[in-house]
Amino acid sequence: MELELTRVDYLDVGVIIPHCMKLIPAEMPKYQQKLIIGDQEGVIQLISSKKDEIQVHFKTLPGPKVTSVQLGGAPGTLADKMFVAMENKVHGFSKKGKMFLSFDTNLTESIKSMFVSGADLLVCGNHVYNHYRDCKDVGSYLCGDTIVDVVALCPNNSNRIITILACSGRVLRILEHCRVRQTIELNSVPTIMHVPKGLGDKLICGFSDGKVILYKIGHFSMEVSEEVLVDDAEHSSAVSCINTFDLTGDGKEELILGRRDGTLQIYSMKSEDNEIDLESRQLFIENYNESISSVQGGTFAAVGYAEVVVCTYTGRIFGLTTQCVARSISDNQNSGTMDFPNDTNLRIARLRSEIAELESRVAREREKYQQSTQAMSSGLSAIPMLNNIPKIPIMELELTRVDYLDVGVIIPHCMKLIPAEMPKYQQKLIIGDQEGVIQLISSKKDEIQVHFKTLPGPKVTSVQLGGAPGTLADKMFVAMENKVHGFSKKGKMFLSFDTNLTESIKSMFVCGADLLVCGNHVYNHYRDCKDVGSYLCGDTIVDVVALCPNNSNRIITILACSGRVLRILEHCRVRQTIELNSVPTIMHVPKGLGDKLICGFSDGKVILYKIGHFSMEVSEEVLVDDAEHSSAVSCINTFDLTGDGKEELILGRRDGTLQIYSMKSEDNEIDLESRQLFIENYNESISSVQGGTFAAVGYAEVVVCTYTGRIFGLTTQCVARSISDNQNSGTMNFPNDTNLRIARLRSEIAELESRVAREREKYQQSTQAMSSGLSAIPMLNMVLCREDASYDLSIEIPASIEYILLQSDVPLELLDVEKNTAVVSFSECNPLSGNCLLATYRCQLNTSRVDLKIRTIEGQHGTLQAFITPVLQPKCSQLREYPIKPLSLHVRTHKFDETRPYSSLTLRGAFSLSEMHSWISHCVPEIPEKLSSGDTSVLTFENVLIGSLLRCEYKKGEAEFRSDNISTISIIKDVLTREITKKRIKLEISTDMNPSCIGHILKLIEPVLVRHIKMSRDHKLLQALLELDIRGEDDLGVLCKEWREIYMNQKEITQSVGKDRVLVDRFHGFLTDLFIDWNKFRGSNVKSKLQQFVQLLENYDHEAVLQFFGVRNESG
């Protein structure tokens, strides 16, 4: 080779893909440069070299995968600003690590390639190209092929931007103003593009067949000329990266190529008038046996010495320097003398220490891996190249995750931090799991200390803290079955109280000497373990808390009920009922506030309620209403994490999202202007969150517990870097008792291996004995979502899920869920055989939770079956069934508008109140299990799709149903008649169909139908307008105002047409059923008119549709 280069290894990082490493320009030529790296673990770091040591200037925590790193700056200045693409966002960093930009591109797909030129930002997904200037959308282009890479040329360094897209369809597309001006047809698939510095009309392109071609694009005519730079038959591996730099110091730039087979080549090229000549000569070639992701020419390790910094796919970063590095010992072993720098002995000692530590680390990691495989863990042994990336927004509150331990399955209200005697002192943690194990733990020197731990027993359903008024609430009360046990901090049981409830305790609250316990329907109040009173609730009780106004002995109890109400009790009597729009899931009483409580709901909202001391008046304020995060709230806590004297609101959700909000505080009262400080998704339902001081004195943190029993902390402490972070630095800090810790961990591993072996034997024996025991405890929730009138089904188990089989005897539609990584496949099925849906969800490794979205059709009823198969041996599966009720899109409500026109159905016969209650529960969801007291029951429901109402009023021998939706009346009549006929009860049926209901229902859905027709017309006009050659505002001025608005709102129109189409199709189906049901009550068969009716709906006109129904237009 003509060019002598010496390899110097720098560091190892995570997996690196092309365009994810850049050398930042220095202020002066041949000055040392810094290196920016972004890997597939989402870690971004800026490094430099000083005295042969790697200096880390800043390093981010892991996050979404980095897909591109580009440099930019204002025209005429150094391009020393760093732009990093992650998911569909672009973050900008300064050289000091300060983030000056966090830009959400709102792309529907992740960014795959990016280019920065002055104020212009070009980003591409797989098919969409977007152009932004100063973070404002300039235009976009939808490409039929997959976009491989994007670059931009600025002829004569002007503001004119010519974009080049390298596409997998063997073409280069040249765009200007987001319009294709030229297409270059290629003989091979392009893989990478590079714009040489200072050349505004040329680009170099590498191909999958190994060729490298230079293209020159005319400034005005867009004429393209091409010259082959490299066509090496011996080295035909795909080109993965390209760079140009003057390595020899002769003023001519060399061409640096990296290939996917690990080959690195350097070519010299003649240069005349700063133009690249095309007669190239190979100066250097070497194969490194790893795909090369990036190459950068510059000055990194030593001032004045050019080098090539190389990064491989596995994250190995090294340099090929032109510096004459001193020969190694092996080169000098036969010479009389050896020359070493003065600090050689220190460096050798440091390296030997580093090698010893790395060997120890490798041994520990190997032990962990063997442990995980023996425990049948499905953890990955390598980092995959394709993963679904969770959204991780930029957060104001920096928290570091620290894992503590794993316990059994945990449900809400089963983990508490015990108050410390002094603020910011370390606290102990009490945990109770579904195996009946109660343990009290603390942290000391990064080790978990177990103060006491009970043997397995009945499931723990609630853990609460209590104490005498005016003292620390450091007594622990644990509910198991229908008993309450009290423990001191030393593990001594001072109380074992049998409540004598006929059902297990589901929720509990302790306030001084008062103990409040609830089953599914019964609330009991005890004071000093003596029964004070009880209350029987018709709805299922979800949670219970108590308020003590002015810290008095007065107890106000609040019951959160599944019937969408909060019941306020005093002396076990209902004093007030708060009607809700959604089902409450959890309640929390902020510390020191005796008249306020915070309530979380199944639709993701969080509301604060203030209850008057004497008048029982209730005021409410919405704290959180986040449309993007509508998963049910599973736990709530408040704590001062920032140390500013104001408590933050901590939320955990069933989809694994944890959020922290700041709230203003005045006179120790929670103000209601909240701002999100932190958000993260942990892919497991969060059962409990507690704010406090657990791991380190003086550092606040959030202790989190997931459903599967994984307990970890999010601490405000700046956690020391691990060995992997420090392996390239001069020193490494380890605790003095490392050997003891290693021995302890090995002992623990051996104990766990023995325990796993015993549990496996027990499991195999139970399966051989045909035991019906469950192999996993599933948590499954099916909730109707108001926003899109579909059901959210969440399936979560403690083990990894292999696949889920769904089977239904009723027509259902499975919708895409963005965060669902499972692969779905459908099987053909015959509805006549009872199968209307057969679908299989195959889950990725380590998936313990799957979220599904299901759309039902009212009038169709049956059963959805889910067969859940975990990754366990021997193979097992669990069946879960979900009834799909005839009126599946109805939810409970508390308001009934008497001004609407209603049709009615009246049933009379020899049936009891409880029988009618049971029959209605088969027809409508959210029916309370228990009957309310009294001779008559009244229930009101709302259709979340249409907005129609249904009122059910029934008593012994008579039931009346009123609705403004005739189809609802028809469905109820069919279902109840069938159920009553099975009992052979003589029944009298009378109906009163109000024709005004037709016009009323049409008015409810008419805005959507009219809007869709207008949007469809605008969309057709937009397609025609896009054919026009519109280049600026002058061209737009020719158009009329209406057309100009259509052209300017093209993105909104395109999105709205697609979104409304789904809803309009559902409305058309509903109106078709309404047409059939209306005529059925009139005794007419209209099957022959259905096709005509559907065509009429496509061009909706209110008068024409009413006329087709045979109804006069009447107001009201």
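So that you can map any letter, position 195 of the sequence shown is 195 in the UniProt record's numbering, and since no number is skipped, the others follow by simple counting. For each residue, glycine too, the CB sits at the ideal point set by N, CA and C. Note that the structure is a prediction, hence the values are computed from the model and not measured.
Around the beta carbon of H571, fewer than 16 other beta carbons lie within 10 angstroms, which makes this residue exposed. Taking 8 angstroms as the cut-off, the beta carbon of T708 is found no closer than this to the beta carbon of S634. Three or more Cβ pairs drawn from the region 585–597 and the region 622–641 lie within less than 8 angstroms of each other, which places the two stretches in contact. Here the alpha carbon of S825 sits roughly 8 angstroms from the alpha carbon of R842. Per DSSP, reduced to three states, the secondary structure at Q1092 is helical.
The criterion of a C-beta distance shorter than 8 angstroms is not satisfied by M114 and I174. Under the three-state reduction of DSSP output, S631 falls in the coil class, being neither helix nor strand. Contact between the region 105–112 and the region 152–162 is absent: fewer than 3 CB-CB pairs across the two stretches fall below 8 angstroms. According to the DSSP assignment, F896 belongs to no beta strand (DSSP E), since it is labelled neither H nor E. Ranking S970, S933, L945, T968 by CA distance to the CA of K955 puts S933 first.
When the Cα atoms are used, A910 and H890 turn out to be separated by approximately 28 angstroms. Checking the DSSP bridge columns, you'll see S280 partnered with M269. A buried status is given to C143, since no fewer than 16 other beta-carbon atoms sit within 10 Å of its beta-carbon. In this structure, D595 lies away from I578, with their beta-carbon atoms at least 8 angstroms apart.
Note that the region 898–910 touches the region 974–990; at least 3 beta-carbon pairs, one per stretch, sit closer than 8 angstroms. By a beta-carbon distance limit of 8 angstroms, T657 does not contact E648. Their separation comes to about 16 angstroms. Residue state for T981 is assigned as helix, using DSSP reduced to three classes. Contact check for I541 against N524 fails: the beta carbons are separated by 8 angstroms or more. Apart from sequence neighbours up to five positions away, the residues of its chain that approach A513 with a beta-carbon distance below 7 angstroms are R527, D528, ordered along the chain.
Residue pairing by DSSP places L815 opposite K853 in a beta bridge.
Here F300 carries a coil assignment [DSSP, helix/strand/coil]. When the beta-carbon positions are compared, K428 and K489 come within less than 8 angstroms of each other. Its Cα nearest to that of R567, the residue E617 stands out among G604, L320, N553, E617. Scanning its chain for C-beta atoms nearer than 6 angstroms, with the 5 sequence neighbours on each side dropped, one finds around V624 the residues V606, in chain order.
In this structure, G859 lies away from D1065, with their beta-carbon atoms at least 8 angstroms apart. Per DSSP, A822 lies in no alpha helix (DSSP H) and is assigned neither H nor E. Per DSSP, the continuous beta strand (DSSP E) segment holding G600 begins and ends at 596–601.
According to the DSSP assignment, C414 belongs to no alpha helix (DSSP H), since it is labelled neither H nor E. Taking the Cα positions, Q426 is about 43 angstroms away from K853.
The Cβ-Cβ distance between M476 and I430 falls below 8 angstroms. Between Q40 and V8, the gap from beta carbon to beta carbon reaches 8 angstroms or more. Residue pairing for Y882: DSSP places it in a beta bridge opposite L864. Around the Cβ of T263, a 10 Å sphere holds 16 or more other Cβ atoms; the residue is buried. N943: member of the beta strand (DSSP E) spanning 936–943, first to last residue. Exclusion of the five residues before and after I217 leaves L153, I162, I174, D201, V224 as the residues of its chain whose Cβ lies within less than 7 angstroms of its Cβ. Within 10 angstroms of the beta-carbon of D992 lie fewer than 16 other beta-carbons, which makes it exposed.
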